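The block underneath contains the structure these notes are about, expressed in structure tokens.
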Amino acid sequence: MDNDKQNVQSNNTQDSSKQPPKPVFDPEAYKCRAFIEGLNKCNSKDDIVKYVDSIVDSFPHDDETPEKIGTGSLFFSVAYTNNGEYNGFIDPSIKITNATLGYSYHIYDREYLYAFAYGIRKQNFPSDKSLLPYVMKYLDAYFGYPKDNVDRRDNVFYKFALLHAEEFYKKNNIPVSPEMGAIAQIQVKGEFPLSALQGTSTALCTERAALAQNILKLCGYNSSIMYGDCESNGQIEGHSWNSIRDKDDNIFIMDYSNTVYSYQDGKFVGRRPYSHAISGAEYLARDGIIEMPDYHYSNGRIVREKTNRIYATGKTLNKQNAKTAGNKKNE
589 MDNDKQNVQS
599 NNTQDSSKQP
609 PKPVFDPEAY
619 KCRAFIEGLN
629 KCNSKDDIVK
639 YVDSIVDSFP
649 HDDETPEKIG
659 TGSLFFSVAY
669 TNNGEYNGFI
679 DPSIKITNAT
689 LGYSYHIYDR
699 EYLYAFAYGI
709 RKQNFPSDKS
719 LLPYVMKYLD
729 AYFGYPKDNV
739 DRRDNVFYKF
749 ALLHAEEFYK
759 KNNIPVSPEM
769 GAIAQIQVKG
779 EFPLSALQGT
789 STALCTERAA
799 LAQNILKLCG
809 YNSSIMYGDC
819 ESNGQIEGHS
829 WNSIRDKDDN
839 IFIMDYSNTV
849 YSYQDGKFVG
859 RRPYSHAISG
869 AEYLARDGII
879 EMPDYHYSNG
889 RIVREKTNRI
899 YATGKTLNKQ
909 NAKTAGNKKN
919 E
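Numbering (the numbering used here), first residue to last: 589 to 919.
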């Protein structure tokens with residue numbers, strides 16, 4: 589979910605002195621002291637790889653690890669899995685599904701984690717530095733940002749199947765059914781690697797949120813990947829975003845796809861992730877359906893807009909912005 593950039597329209601904003609409300613959220617939850625302190629002790633790429641591996645290998649894989657996360661096929665009425673929220677690390681066994689995409693995929697490799705950690709290490713940040721702003725920068729560098737609203741992911745995955753399926757299975761030691769063959773199996777079973785979208789500028793909210801989730805977990809954030817409906821700019825769509833929680837269970841929403849714009853002297857200069865905090869009590873009271881203000885940046889300042897956006901975790905929204913019965917159903 590995203591719209592083409594546009595110049596700031598004065599009739600679509602409120603007084604710039606009115607900032608979006610700032611609910612209570614523990615400032616320490618924005619930081620990842622332990623990760624940065626450990627990373628700053630690494631003196632080589634090999635050290636970084638070992639450090640990242642030690643963290644990832646510590647994440648649990650047990651009976652509570654889901655087989656899949658996301659949404660089902662457009663051809664079936666399948667609810668959002670895990671009530672629309674997964675708090676764990678997305679390991680290679682977990683299938684990521686998407687209702688608007690014909691294929692499913694997994695995150696098999698760790699190369700993206702090594703690259704992210706290496707980039708952060710070069711900055712030699714102090715331990716109290718928040719790494720949240722650098723997640724979107726890395727996602728844009730890894731995937732490339734979509735240049736329009738055309739969904740080309742199916743084409744990318746299909747081309748990958750034709751050109752690289754056999755090589756992929758051999759490299760990852762994944763058995764191939766003789767009856768199906770590699771090209772058919774990777775499509776039918778949904779065994780594509782998410783890395784097939786690297787550098788294609790085709791990744792959308794599900795892929796960006798999935799990669800962000802693992803980067804956030806690596807950094808030590810109490811993060812989740814969220815699935816549900818989002819109403820923004822008058823449209824309701826299935827969406828995926830991220831959140832982190834502080835020690836008091838307050839929630840900080842981060843959307844790396846349905847972003848906010850930054851302007852300098854009225855001209856568009858870039859995108860930033862949408863972010864907003866909400867108390868845990870309010871989140872529970874609203875049953876995971878939260879309405880939050882839209883805003884943009886102008887010359888470095890937050891400017892509140894007249895519109896709001898709604899995130900509904902694991903639920904659908906009807907045209908009256910009310911919760912429908914049950915979870916997400918594809919019609």
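Think of the CB as a built atom: it goes at the ideal place given N, C-alpha and C, for glycine as much as any other residue.
Please read these numbers as outputs of a predicted model, since none were measured by experiment.
Restricting to Cα atoms, I'd like to know which of the options is closest to residue i.
i, options, result
"R740", "T790, P721, G888 and Y757", "T790"
"R796", "Y746, L806 and S783", "S783"
"L985", "I841, G902, A900 and G888", "Residue 985 is absent from the structure shown; the chain starts at 589 and stops at 919."
"P781", "K683, A900, F623 and D645", "K683"
"S886", "G854, Y899 and A800", "G854"
"G858", "K725, V644 and N670", "K725"
"N802", "F756, W829 and L751", "W829"
"H884", "Q852, K903 and T788", "Q852"
"F613", "A865, I898 and L905", "A865"
"A617", "H694, D834, E754 and Y706", "D834"
"T904", "V891, S850, M880 and G826", "G826"
"P615", "D836, Y844, D641 and T685", "D836"
"P928", "M880, D641 and N670", "Here the chain comprises residues numbered 589 to 919, so residue 928 is not present and cannot be evaluated."
"A703", "S765, D843, V637 and I771", "V637"
"E755", "Y746, A770 and A705", "A770"
"S850", "R860, Y844 and D843", "R860"
"Y693", "N821, V776 and N896", "V776"
"L701", "V723, P734, D742 and K717", "V723"
"V738", "A753, T788 and E779", "T788"
"D650", "G778, K633, G822 and F677", "F677"
"N760", "D635, G822 and S681", "S681"
"R889", "V848, K629 and L751", "V848"
"V891", "N675, S718 and Y862", "Y862"
Can you tell me where the beta strand (DSSP E) with residue i in it begins and where it stops?
i, result
"V764", "Per DSSP, V764 belongs to no beta strand (DSSP E) and is neither H nor E."
How about residue i and residue j: are their beta carbons less than 8 Å apart?
i, j, result
"L804", "I832", "yes"
"E673", "S812", "yes"
"I774", "A798", "no"
"D679", "F713", "no"
"N846", "C818", "yes"
"G868", "N838", "yes"
"E870", "D882", "no"
"L785", "F731", "yes"
"S715", "I643", "no"
"R709", "L792", "no"
"N631", "G658", "no"
"Y899", "C620", "no"
"V764", "A705", "no"
"Y696", "F745", "no"
"A772", "Y844", "no"
"M768", "T901", "no"
"N896", "M880", "yes"
Looking at the strands, I want to know which residues DSSP matches up with residue i.
i, result
"A900", "D817 and I877"
"P781", "H694"
"T685", "G658"
"V723", "DSSP output for V723 lists no bridge partner at all."
"S828", "Y815"
"Q823", "S820"
"S718", "K619"
"R796", "Per DSSP, none; premise fails for R796."
For the alpha helix (DSSP H) containing residue i, name the first residue and the last one.
i, result
"S642", "K633 to V644"
"Y862", "That residue, Y862, is in no alpha helix (DSSP H); its beta strand (DSSP E) goes K855 to I866."
"Q711", "E699 to Q711"
"T847", "Element bounds for T847: not the alpha helix (DSSP H) but the beta strand (DSSP E), I839 to Q852."
"F623", "R621 to L627"
Taking DSSP as the reference, what is the three-state secondary structure of residue i?
i, result
"V738", "coil"
"E893", "strand"
"L905", "strand"
"H884", "strand"
"E673", "strand"
"V666", "With a pLDDT of 48 at V666, under the threshold of 50, the modelled position of this residue cannot be trusted; read the value that follows with caution. Coil, per DSSP."
"V744", "helix"
Answer yes or no: does any C-beta atom of chain D fall closer than 8 Å to that of residue i?
i, result
"V744", "Note that chain D does not occur in the displayed structure, where there is just one protein chain."
Could you check if residue i belongs to the surroundings of the ligand ATP, using beta carbon to heavy atom distance under 7 Å?
i, result
"F713", "This structure does not include the ligand ATP; it has no bound ligands of any sort."
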